[in-house]
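Enquirer:
In mature numbering (1 follows the signal peptide of the UniProt record, and there is no 0), the protein residues as written are -21 to -1, 1 to 106.
#1: Quick check on residue 37: does DSSP put it in helix, strand or coil?
#2: Cα-Cα, which of 55, 81, 67 is closest to residue 90?
#3: Which word fits residue 94, buried or exposed, when buried means at least 16 other C-beta atoms lie within 10 angstroms of its C-beta?
#4: Whole angstroms are fine: how far does the CA of residue 57 sit from the CA of residue 30?
#5: Taking only beta-carbon positions, decide if residue 93 is within less than 9 Å of chain D.
#6: Alpha carbon to alpha carbon, how far is residue 83 from residue 40?
#7: What number of angstroms, rounded off, separates the C-alpha of residue 50 from the C-alpha of residue 75?
#8: Quick one: complete alpha helix (DSSP H) runs, 4+ long, within the stretch 22 to 97?
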């Protein structure tokens, strides 16, 4: 069940990224001050992101990761962070140094997205 949810989330993220790029591309045509957001590089990066999601989903199913609650939680958060950084880098297109700070912030926010589970459970236990 968890694998199916991950796949759905990955396809949603990839679709959202592509739709965002197309929407931004139409805005770029209207305002020539912005850099082009729709490019071959961004499409390849989006496809790479989708492939990464599928591979990460398979890797997270390995029994060695599933045996340890801490390793499973850590690897899941790392994958969330990478997906967050990658997707934001695709959306904004890294052009200058300050963009790296935004990408890192997106990765951090994507990593801590599961914190709500601890609040709802009212416990820090991974069980």
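For every residue, glycine included, the Cβ atom is placed at its ideal position computed from N, Cα and C.
Expert: In brief:
#1: Reduced to three states, the DSSP call for residue 37 is helix.
#2: Closest option to residue 90, Cα to Cα, is 55.
#3: Classification of residue 94: exposed, given that the 10 Å Cβ count is below 16.
#4: In a straight line, the C-alpha of residue 30 is about 16 Å away from that of residue 57.
#5: Checking the listed chains, one finds no chain D in this structure; it contains a single protein chain.
#6: The straight-line gap from Cα to Cα measures roughly 26 Å.
#7: Straight-line Cα distance between these residues: approximately 35 Å.
#8: If we require 4 residues or more, the alpha helix (DSSP H) runs fully inside the stretch 22 to 97 come out as 42 to 46, 48 to 71, 76 to 90.
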